[in-house]
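Asker: Going letter by letter, the sequence shown gives residues 72 to 231 in UniProt numbering.
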Amino acid sequence: FLPHLVAAMEEVEETYIMVKPDGVQRGLVGEIISRFEKKGFLLKGLKLFQCPKELAEEHYKDLKGKSFYPKLIDYITSGPVVSMAWEGVGVVASARKLIGATNPLQAEPGTIRGDLAVQTGRNVVHGSDSPENGKREVALWFKEGELCEWIPAQAPWLRE
Ligand code: GDP
Ligand code: MG
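1) Tell me whether histidine 130, by its Cβ, gets closer than 7 Å to a heavy atom of the ligand GDP.
2) For lysine 118, collect the residues of the same chain with a Cβ closer than 6 Å to its Cβ; drop the 5 residues on either side in sequence, then sort them by chain order.
3) Using the three-state DSSP reduction, which class does leucine 117 fall into: helix, strand or coil?
4) To the nearest angstrom, report how far apart glycine 192 and leucine 143 are at their CA atoms.
5) Roughly how many whole angstroms lie between the Cα atoms of glutamate 125 and glycine 216?
6) Given the structure, does aspartate 145 come close to the ligand MG, in the sense that its CB is under 7 Å from one of the ligand's heavy atoms?
7) In the DSSP assignment, find the unbroken beta strand (DSSP E) run with isoleucine 88 in it and report its ends.
8) Compare the beta carbon distance of leucine 187 and glycine 116 with 8 Å and say whether it is the shorter of the two.
9) By Cβ distance, which residues of its chain are closer than 7 Å to serine 149, with the 5 residues on each side in sequence left out?
10) Of all the options Arg184, His130 and Gly159, which has the alpha carbon lying nearest to the alpha carbon of leucine 99?
11) In chain order, what residues of the same chain lie with their CB nearer than 8 Å to the CB of isoleucine 147, ignoring the 5 residues before and after it?
12) Kindly indicate which three-state DSSP category arginine 184 falls into: helix, strand or coil?
13) Compute the beta-carbon to beta-carbon distance between valine 160 and proline 202, rounded to the nearest angstrom, for a pair I have assumed lies under 8 Å.
Now the structure itself:
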């Protein structure tokens, strides 16, 4: 067993990452998963999924009332998404950095949106914005049996 992993348990967060329908349609699934996989976070859940309207509305409930909200719901439900749950120390903020700014034109080169997208309404990927929302969104998009508890072979090479 790996005591160093247990010692860090309190700081461990989870985040919900989603390749949006444009990312799936554009063949960017592997590229986007790869950015998180290479970074060294722990993949807990992964599925291709057609999001029902009710789930999209629950996921984006804080944005209800915004002018773009109806278009956003249409966008997210327009085709399959790839849903992922990732775990790690600091994973929420780190994933947001890897993803880049909401508007891809303002996202830094090297970020997913900075490298792979040109418009806010087609910004290819979602990432939870706080540890609280990470928990909420993972629970919203995954059923319990869909998440795996496992220790990757590389764990001792990622954290001292
Ligand atoms: P995020 O956390 O960076 O994804 O950004 P927000 O939580 O502010 O918004 C959620 C999503 O709504 C964004 O990723 C976009 O897909 C969409 N969105 C936000 N602002 C706009 C906008 O002004 N126009 C359009 N078309 N979509 C927007
Ligand atoms: Mg957000």
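No residue lacks a Cβ here, since even glycine has one placed at the ideal position from N, Cα and C.
Answerer: Taking the geometry as given:
1) The closest heavy atom of the ligand GDP lies 7 Å or more from the beta carbon of histidine 130.
2) Taking lysine 118 as the centre and dropping the five residues before and after it, the same chain places the C-beta of Ser154 closer than 6 Å to its C-beta, in chain order.
3) DSSP places leucine 117 in strand when its eight states are reduced to three.
4) One C-alpha to the other measures close to 7 Å.
5) Straight-line measurement puts the Cα of glycine 216 at about 21 Å from the Cα of glutamate 125.
6) Residue side-chain check: aspartate 145 keeps its Cβ at 7 Å or more from all non-hydrogen atoms of the ligand MG.
7) From DSSP, the beta strand (DSSP E) with isoleucine 88 extends over 83-90.
8) For leucine 187 and glycine 116, no; Cβs fall outside 8 Å.
9) So the qualifying residues of the chain are Pro92.
10) For the residues Arg184, His130 and Gly159, the minimum Cα distance to leucine 99 belongs to Arg184.
11) Lys91, Pro92, Cys122, Ala127, His130 and Tyr131.
12) The answer is helix: DSSP assigns arginine 184 an H, G or I state.
13) Actually they do not touch by this definition, with Cβ atoms about 11 Å apart.
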